[in-house]
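Numbering (the numbering used here), first residue to last: 127 to 346. The next block holds one structure in the form of structure tokens; read it before the comments.
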Amino acid sequence: NVLRDLRFAVHYMYTNESTIRDNHSRGNHVGYALMYSSGLYIHNNVSDQDRDRGLFLNYANDSVISGNRIIGAEKCFFMYNANMNQVSDNYFSGCDIGIHFTAGSQGNEVHGNAFIENRTQVKYVGTRYIEWSLDGRGNYWSDNPAFDLDDNGIADQPYRPNDMVDQLVWRHPLAKLLLNSPAMQVLRWAQSEFPSLHPGGVTDSAPLMSFDHAGDKRDG
């Protein structure tokens with residue numbers, strides 16, 4: 127299906143154990159908005175230049191989200207109180223925010239995805255420590271200046287998409303005025319020297335070195 131110039135390309139609620147696959151959403155307000163459902167299989171879909179959100183899960187749980195390609199929305203993927211989902215081998219590119227998750231979204235497995243040139247790769251305002259890798263395979267991050275000295279395709283250091291300054295700005299937007307101040311630079315330096323100061327958030331312990339190893343594993 128090709129759906130364009132709509133408010134929602136696909137939008138439904140209370141529909142458990144259903145499949146959404148092989149759709150192409152372009153130029154809509156929201157690509158795929160799936161709510162109050164569980165056991166969904168969301169696979170091989172495209173969201174291209176949808177305005178607000180490419181994919182939106184609201185109280186959608188125990189679902190598989192794989193092989194989707196989301197490009198150019200304000201938020202590629204927004205998860206609101208969406209729990210115990212498997213998010214793998216997707217491609218998130220050119221969005222203001224790659225993934226924004228909030229309202230407690232817990233127990234999600236996020237691995238094998240490609241985050242390409244999103245202005246903010248991940249937005250999570252919380253203090254829990256969350257791991258985004260599985261069985262030694264994380265995600266690819268286009269802004270990760272990593273090394274792979276043993277040439278195994280996995281970066282030698284973990285990747286953290288957000289730091290203490292990000293958390294501060296999200297909680298207190300006026301702090302943006304101080305982003306280039308010496309105080310902010312000292313804060314970032316202190317966090318890099320003393321990792322225990324990290325306020326929680328997402329860590330990818332096995333970031334992938336190349337896009338070839340991640341994302342967009344779609345059916346031919």
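The beta-carbon is built from N, C-alpha and C at its ideal position, and this holds for glycine as well. A quick note: this is a predicted structure, and the numbers were derived from the prediction, not measured.
Exercise. Is it buried or exposed for Met205, if we count other Cβ within 10 angstroms and need 16 for buried?
Worked result: buried
Exercise. Around the Cβ of Gln283, are there at least 16 other Cβ atoms within 10 angstroms (buried) or fewer (exposed)?
Worked result: exposed
Exercise. Whose C-beta lies closer than 6 Å to the C-beta of Tyr266 among residues of the same chain, with five residues either side of it excluded?
Worked result: Ala240, Leu334, Phe337, Ala340
Problem set entry | In DSSP terms, what Asn184 is bridged to | Met161, Tyr206
For this session: Compute the beta-carbon to beta-carbon distance between Asp188 and Ser214, rounded to the nearest angstrom, for a pair I have assumed lies under 8 Å.
Result: So it is not a contact: roughly 15 Å between Cβ atoms.
For this session: For Pro308, count neighbouring C-beta atoms within 10 Å of its own C-beta (all shown protein chains included) and say buried if the count is 16 or more, exposed if not.
Result: exposed
Problem set entry | Beta-carbon gap between His155 and Phe182 smaller than 8 Å | no
For this session: Within 10 angstroms of the Cβ of Phe273, are there 16 or more other Cβ atoms? Answer buried if so, exposed if not.
Result: exposed
Exercise. Does the beta-carbon of Cys202 have 16 or more other beta-carbons within 10 angstroms, so that it is buried, or is it exposed?
Worked result: buried
For this session: List the endpoints of the continuous beta strand (DSSP E) containing Arg152.
Result: 150-152
Exercise. Given that a residue counts as buried once 16 or more other Cβ atoms are within 10 Å of its Cβ, and exposed if not, what is Arg130?
Worked result: exposed
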